[in-house]
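Quick notes on the structure that follows.
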Amino acid sequence: MISTNVINKVNGITKDSVTNNRVYGADRHETNANVIKKFYTDDELEAVLVAKSDVLVDALAAGPLAANLKSPILITPKTYVSAYHKENLEAKSANKVYKIGGGLTSKVMSSIASSLSKHNTTPTDPGTSGGKTVMIDPGHGGSDTGTTGKPLGGIKEKDYTLNTSLATTEYLRSKGFNVIMTRDTDKTLSLGNRTALSNSLRPDLFTSIHYNASDTTGNGVEVFYKLKDKDGGTTKTVATNILNRILEKFNLKNRGAKTRTLSTDPTKDYLYVLRNNDMPAVLVECAFLDNEKDMSLLNTSDKVKEMGTQIGKGIEDSLK
29 MISTNVINKV NGITKDSVTN NRVYGADRHE TNANVIKKFY TDDELEAVLV
79 AKSDVLVDAL AAGPLAANLK SPILITPKTY VSAYHKENLE AKSANKVYKI
129 GGGLTSKVMS SIASSLSKHN TTPTDPGTSG GKTVMIDPGH GGSDTGTTGK
179 PLGGIKEKDY TLNTSLATTE YLRSKGFNVI MTRDTDKTLS LGNRTALSNS
229 LRPDLFTSIH YNASDTTGNG VEVFYKLKDK DGGTTKTVAT NILNRILEKF
279 NLKNRGAKTR TLSTDPTKDY LYVLRNNDMP AVLVECAFLD NEKDMSLLNT
329 SDKVKEMGTQ IGKGIEDSLK
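Counting from 29, one number per residue, gives the positions in the sequence shown under this note's numbering.
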């Protein structure tokens with residue numbers, strides 16, 4: 029229940045032409061169903077994100093992803109699908125259904141997925157993906173520009189990471205992988221939000237894409253993997269395969285597939301998106317934006333796309 033005091037404060041900052049529109053229901057499930065019905069009018073949805081309704085933190089954490097996908101969050105009890113969702117589930121279809129967080133039974137997820145997929149008659153070709161899900165994380169974004177590439181007139185890292193990531197995503201989807209991007213536009217996204225998405229959606233692999241800088245003295249490509257895999261494991265394999273695929277097409281200095289630890293605690297990963305990520309995760313430093321030689325290899329959109337494609341091939345090599 030929203031208090032009259034809060035409503036009055038909101039009314040005080042809105043234009044005179046704005047009218048109050050209340051969306052409500054008998055309980056949170058009917059309210060949620062009515063929100064979906066009112067604001068997601070297309071019968072064919074890109075995705076539906078499903079979270080349990082007794083603890084709403086999972087639904088809140090999924091907000092950035094829902095915005096990226098332009099898709100609704102459906103909340104329901106852990107052991108059954110609320111009857112209030114019947115109309116939406118009968119009327120709509122979705123390409124993907126994401127389970128957000130834990131607690132929901134497989135029966136609930138299967139029921140929702142079956143309802144939303146019954147109108148889809150053409151199955152997706154899984155290609156080499158085996159149905160795997162990859163989360164691609166373009167570094168920085170929005171007000172966080174990252175480093176700046178002087179050789180190319182001050183291009184920002186956030187733009188390079190996004191364009192590279194879009195190419196990686198395009199390649200992986202062409203091979204049948206389910207790909208989630210933490211951002212697909214120029215927007216600010218905290219490190220905490222990035223790892224929260226990964227921990228909620230639990231992809232088979234999280235890959236963060238960055239570009240490096242070191243006052244023009246550094247050069248080359250490096251890929252970081254989780255410390256726990258130092259003696260062998262999924263993320264070391266992924267990092268090695270991505271590195272090899274990049275070097276296959278780009279004459280960059282090989283700085284290696286490696287780990288990095290906190291100076292204050294050598295048992296923990298230095299990089300936030302690895303340290304705070306429950307899922308297999310790697311971080312790619314594609315090249316040095318402030319190094320003239322490196323950027324001569326990445327000075328066109330086609331070359332940047334090729335970088336993204338090679339990262340995708342390295343991921344494919346690891347997960348197929």
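All C-beta atoms in this analysis are idealised placements derived from N, C-alpha and C, irrespective of residue type, glycine included.
Asked, Found
"Sub-9 Å separation of Asn191 and Gly336 beta-carbons", "yes"
"Uninterrupted beta strand (DSSP E) stretches inside the segment 250-298 (no shorter than 3 residues)", "282-286"
"Neighbourhood of Glu185 by C-beta, 8 Å cutoff - its chain only, sequence neighbours within 5 removed", "Gly167, His168, Thr173, Gly174, Thr175, Thr176, Gly177, His238, Tyr239, Ala241, Leu317"
"Through-space distance from Val162 to Glu344, alpha-carbon basis", "10 Å"
"Nearest neighbour of Ser228, chosen from Asp257, Leu200, Met307 [CA to CA]", "Met307"
"Beta carbon of Lys286 nearer than 9 Å to that of Ala267", "yes"
"Proximity below 9 Å, CB of Lys65 to CB of Gly129", "no"
"Assigned secondary structure, Pro105 (DSSP; H/G/I helix, E/B strand, else coil)", "coil"
"Asn279, buried or exposed, once every other Cβ within 10 Å from all chains shown has been counted against 16", "exposed"
"Closest Cα partner of Ala61 within the set Tyr108, Lys114, Thr197, Ala89", "Lys114"
"Rounded straight-line distance, which links the Cα of Asp212 to that of Leu194", "7 Å"
"Neighbour-count burial assignment, Asp82, 16 or more Cβ in a 10 Å radius", "exposed"
"Nearest candidate by alpha-carbon position, reference Lys321, set Thr292, Thr245, Lys256", "Thr245"
"Buried versus exposed, by CB contacts within 10 Å (16 or more), Phe67", "exposed"
"Between the CA atoms of Leu77 and Pro92 - distance to the nearest angstrom", "11 Å"
"Identity of the residue in Phe234, Gly220, Ser218 nearest Met209 by Cα", "Phe234"
"Candidates Gly159, Arg222, Asn221, Arg230, of which the one nearest Ser202 by Cα", "Gly159"
"CB of Ala122 within 9 Å of CB of Ser145, strictly", "yes"
"Which of helix, strand or coil DSSP assigns to Asp86", "helix"
"Pick from Arg288, Arg303, Asn272 that is closest to Gly248, judged by C-alpha positions", "Asn272"
"Which listed residue (Asn304, Asn269, Tyr298, Glu74) has its alpha carbon closest to that of Arg222", "Asn304"
"Buried versus exposed call for Lys348 [16 or more other C-beta atoms within 10 Å across all chains shown]", "exposed"
"Exposure label - Asp153; buried when at least 16 CB within 10 Å", "Confidence at Asp153 is low in this model, with a pLDDT of 45, below 50, so its placement is unreliable and the value that follows should be read with caution. Classification of Asp153: exposed, given that the 10 Å Cβ count is below 16."
"CB contact flag (His57, Ile103, <9 Å)", "yes"
"Where Asn269 falls, given that 16 or more other Cβ within 10 Å makes a residue buried", "buried"
"Residue span of the beta strand (DSSP E) that contains Phe67, given as start and end", "From DSSP, Phe67 is part of no beta strand (DSSP E) but of the alpha helix (DSSP H) over 56-67."
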